[in-house]
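One structure is given below, encoded as structure tokens.
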Amino acid sequence: MTADGREGLWDFALRLYAAPDVADACLVLQDESGIDVPVLLFSAWLAKRHSVTLTEGELARIDGLVADWRNEVVKPLRAIRRRLKNGPYPAPTKETEALRNGVKGAELNSEKIELAVLEIEGEALIAAGSGSGDAGENLLRVLRYFRGSEQDARASEALAVVEKALATLRP
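Note that my numbering has the sequence shown beginning at 34, numbered continuously upward.
Following this line, the structure appears as structure tokens:
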């Protein structure tokens with residue numbers, strides 16, 4: 034919760050990500066469409082909690098603030114964590130699994146930092162009150178921004194999972 038009693042982005046992101054099938058849907062969107070999941074969760078938070086619809090320009094500006102962090106910190110940590118699952122030698126072992134779990138924690142913390150940056154930027158958008166707060170529109174805009182094209186069937190299904198979870202997410 035924020036100081037004024039509103040649900041902060043981190044808490045919202047954790048609740049949405051924990052909703053049935055959302056984690057898997059986000060991984061499909063990340064791995065197959067190149068979506069930055071924190072930006073996706075941010076766009077959902079803006080629409081669901083604050084009735085803010087992102088414009089293409091706002092999305093590009095906001096992504097520009099976190100792109101270097103994502104590319105230089107989050108993605109390398111993710112790559113190391115994923116690589117340690119099956120190798121290189123001597124992985125996978127009990128010892129390398131402990132290392133992998135440490136990297137996983139660092140990756141999660143790096144995404145938490147990204148979400149904090151996004152939340153600060155979101156406060157200005159919330160104050161301006163831009164748009165109707167259409168979560169589906171925000172999610173689709175994020176997909177198009179990162180994918181660079183229209184979605185395919187798997188991306189559409191994954192977005193639908195996230196949108197359904199948003200519709201049922203309790204305040």
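Each residue gets a CB set at the ideal place from its N, CA and C atoms; glycine is no exception.
Pairing residue 168 with residue 199 gives a Cβ-Cβ distance under 7 angstroms. The DSSP assignment places complete alpha helix (DSSP H) segments of no fewer than 4 residues inside the segment 96–177 at 108–117 and 127–161, in order along the chain. In this structure residue 75 is not in contact with residue 110, their Cβ atoms being roughly 19 angstroms apart against a cut-off of 8 angstroms. In the DSSP annotation of this structure, the continuous segment of the alpha helix (DSSP H) that includes residue 76 starts and ends at 70–83.
The alpha carbon of residue 142 has as its nearest neighbour, out of 40, 47 and 39, the alpha carbon of 47. The Cβ neighbour count for residue 134, taken over all protein chains shown within 10 Å, is under 16; the residue is labelled exposed. DSSP places residue 185 outside any alpha helix (DSSP H), giving it a letter other than H or E. The shortest CA-to-CA distance from residue 140 to any of 102, 123 and 153 is the one to 102. The Cβ atoms of residue 113 and residue 136 lie closer than 7 angstroms to each other.
If you ignore the 5 residues before and after residue 154, its C-beta comes within less than 7 angstroms of the C-beta of 95 and 98, all in its own chain and listed in chain order.
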